[in-house]
Structure formats: C-alpha cells, structure tokens
Amino acid sequence: MSAKNAALQHHFEDLGQQYESSQLGMWAFLVQEILFFGGLFLGYLVYRSSYPEAFKIGSSLLDVKLGGINTAVLIASSLTMALAVYWAQKGDKKKIILFLTLTLILGSTFLGIKVVEYSHKWHHGLVPGEMFAYSGPLADQVRIFYSFYFAMTGMHALHMIIGAGLIVWLMVKAARGRFTAEYSTPVEMFGLYWHFVDIVWIYLFPLLYLIGRS
Amino acid sequence: MPQHTIPKRIYYIIFGALMFLTAITIWVAFIDLGAFSDVIALGIATTKATLVILYFMHVRYSSKLTWAAVFSGFLFLAILLTITMSDYLTRGWDSLPKPW
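Here the protein sequences come in this chain order: S and D.
Under our numbering, the residue at position 46 of the first sequence is numbered 46, and the numbers go up by one with no gaps.
Under our numbering, the residue at position 4 of the second sequence is numbered 1004, and the numbers go up by one with no gaps.
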C-alpha cells in the first residue's frame, strides 16, 4: 500500500468518504445523547412547572460563583479542544499534545470544583435520601429539585470523566505519531463529544443555578 | 485533507462571544424581570449552544447530510418537550366538574 493510503481503510473509496462516514456516525451518537439528556431536561421542566417556588429556593442554595467559574472553565476547555483539533488537522504532534493537555487540565479543574460543591451540599444535608436535612419551607419539593440537580450534574460529570479518559487515550496516540494532516479524525470526533458536553452545561448552568436570583 | 480547517481567529472570536454571553446571563439573572428571566436565560443559552455547534463543532462547514442529522436531533427533542409540556401545562384548564 502506498503512503498516501496508509490512513484509508479498505472499505472506503477515499479519505473524503471515510471522513464523512466518521462524522455522520459521531453525530448519530450525539443525536442519541441529545435525546438522552433531553429526557432529564424534560423531567426538570415538568417538576419545575409544578413546583416553581421550591425550585427557586433550591436554586438559591447553590453557589452561583462556583457555577459561574465552572462555566468559564468549561468554555475555555472547549477553546483549547478546538485548537487541539486545529493542530491535529495541521499534523503538528507537539501542539496536539499541548492543547489536549490544557483541555485535560481544564476538564479536571471543572471536576475538582464540582467535588467541592458536592461535598458542600453533603455537609449541608442537601443530598436527597436518608441524609436529607433541609427543613425550610417546601422541604419535600426542594428535595425534588436536588434530585434533579444531582442526577443532571452527575450525568454531566460522568461524561466529563469519560472524556478525560479519552483525552489520555488520544494523547498516547498523538505521541505515537498517529495523527497527520491527512488523518486526524479521532481528535476531531472527540472534539465533537467534548463540545457537546459543554453545550449540556450551557443549559444546566442557568436552569439550575440562576433561577430565583432576583 | 478531506476536512475544512477553520482559522484560529474564528475560535478566539467565538470564545470571546461565549464568555461575554455567560457574563450577561449571570448579570440578567439578578434583575427581577418576572417570567422574562427564563425567556432571556434560555435565549442566551440557545445562542451560546448555536455558536458552539456552528463553529466549534464545524457544522457550518459540514455537508448537508451532517446538517440533516444535527437538525433531526433537535427536531425530535422539540417534539419530546412540546408534546409533553402541552399536556402538563394545560391540565386543569377546563372548569368541568370532576365526575368523582
């Protein structure tokens, strides 16, 4: 096989078709993810429309400063990821690894801040279940808000953890020189995943942290 | 190279816009606008999501097939949300006496 075709798998006509197929497949997965998170957002909407006051109370107990910082951290990680894709398309190994490392650091920062927030909620008895200790107004309904808070941010954080693992895998591949200007598809497809996770947070932040602030 | 390379400058501009919109949405959240608060918060979030999808996720430069796939995802999400909420939000609208 000639060097030109090293990245081309035998069942594709050319690199363009191979790339299009990867992109469509990745989007098919992301469409499924949109509807998966969509179910959680729907549950949130149904209960929030039923108990608007309790959701405002629950929201006002969250730390808007930490949530805001995390939003900025995640958007910054999307920028570094976009730049990692940019350098992957140029086939610059060192810069791919540099920007993947920055993305990993920012992603880990997000998760670290999330741990601080979770432990804070734990110590204040805001985790639904046996330990739930909030006894202010509408306690039972505030508990429902916190069920959504932990289910939605927890599922988001799980996606971040999986993403962090995949970044390490991409860094190893990049270090082995697997990505060239001709073939950078895995970095690009992972970029789509990472940006999707960012989009989920773009909606979670106002819906969980910013209601009932005024 | 089969894929479209987007100039770095565009990524920086989008990043700036996303940060700016984040600041705006936090600022607006502390102003009492009644029901409009939600409309503005979701409007800003959707603007941010659209910027991420079009530029960071390259959909603006992608094939029609990719456009169709992305659009179908949000179309079905809209169906899910609209039909379910049109049920929940309209319950109790009728003033008919309950048979039980």
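Cβ coordinates follow ideal geometry from the N, Cα and C atoms, glycine included.
Fair warning: this is a prediction, and the values are worked out from it, not measured in the lab.
Near residue i, what residues of its chain come up, given a Cβ to Cβ distance below 8 Å and the 5 sequence neighbours on each side ignored?
i: valine 85 of chain S; result: Ser184, Val187, Glu188, Gly191
i: alanine 12 of chain S; result: This sequence places phenylalanine at residue 12 of chain S; alanine is not what is there. The answer, listed in chain order, is Gln18, Ser21.
i: glutamine 248 of chain S; result: Because chain S spans 1 through 214 in this model, residue 248 of chain S falls outside it and cannot be assessed.
i: isoleucine 1024 of chain D; result: Ile1044
Between which residues of its own chain and residue i is the CB-CB distance below 7 Å, once the five residues before and five after are set aside?
i: leucine 83 of chain S; result: Phe99
i: alanine 3 of chain S; result: For alanine 3 of chain S, the predicted structure reports a pLDDT of 47, less than 50, and the residue's modelled location is therefore unreliable. The matter cannot be settled from this model.
To the nearest angstrom, report how far apart residue i and residue j are at their CA atoms.
i: tyrosine 134 of chain S; j: leucine 207 of chain S; result: 21 Å
i: valine 1039 of chain D; j: tyrosine 1011 of chain D; result: 27 Å
i: alanine 1045 of chain D; j: histidine 124 of chain S; result: 30 Å
i: isoleucine 162 of chain S; j: tyrosine 51 of chain S; result: 33 Å
i: tyrosine 44 of chain S; j: phenylalanine 148 of chain S; result: 7 Å
i: methionine 171 of chain S; j: glutamate 53 of chain S; result: 47 Å
i: leucine 126 of chain S; j: methionine 155 of chain S; result: 18 Å
i: lysine 1064 of chain D; j: isoleucine 1079 of chain D; result: 22 Å
i: lysine 114 of chain S; j: leucine 62 of chain S; result: 12 Å
Given a cut-off of 7 Å, decide if residue j and residue i are closer than it, judged by their beta-carbon atoms.
i: alanine 174 of chain S; j: isoleucine 96 of chain S; result: yes
i: isoleucine 1026 of chain D; j: glycine 68 of chain S; result: yes
i: methionine 131 of chain S; j: leucine 40 of chain S; result: no
i: valine 73 of chain S; j: phenylalanine 110 of chain S; result: yes
i: alanine 1049 of chain D; j: isoleucine 202 of chain S; result: yes
i: glycine 112 of chain S; j: alanine 164 of chain S; result: no
i: tryptophan 27 of chain S; j: threonine 1066 of chain D; result: yes
i: threonine 103 of chain S; j: threonine 71 of chain S; result: no
i: aspartate 1032 of chain D; j: serine 60 of chain S; result: no
Return the residue from the list the options that minimises the CA-CA distance to residue i.
i: isoleucine 1014 of chain D; options: D:Ala1041, D:Leu1042, D:Val1052; result: D:Val1052
i: alanine 157 of chain S; options: S:Gly177, S:Leu170, S:Gln141, S:Phe196; result: S:Phe196
i: glycine 38 of chain S; options: D:Asp1094, D:Leu1065, D:Phe1020, D:Gly1073; result: D:Gly1073
i: proline 116 of chain S; options: S:Thr80, S:Lys65, S:Gln141; result: For clarity, residue 116 of chain S is valine in the given sequence; the question names proline instead. The residue with the shortest Cα to Cα distance from valine 116 of chain S is S:Lys65.
i: valine 200 of chain S; options: S:His159, S:Ile211, S:Phe179; result: S:His159
i: lysine 1008 of chain D; options: D:Ala1035, D:His1058, D:Leu1042, D:Ala1029; result: D:His1058
i: aspartate 92 of chain S; options: S:Ala76, S:Tyr209, S:Gly177, S:Lys121; result: S:Gly177
Tell me which residues share the same chain as residue i and place their Cβ nearer than 6 Å to its Cβ, disregarding the 5 neighbours each side in the sequence.
i: arginine 48 of chain S; result: Phe55
i: phenylalanine 198 of chain S; result: Residue identity differs from the one stated: residue 198 of chain S is aspartate in this sequence, not phenylalanine. So the list reads Leu74, Ser78, once near-sequence residues are dropped.
Start-end ranges of the alpha helix (DSSP H) lying completely within the stretch 1011-1076 of chain D, minimum 4 residues
1036-1051
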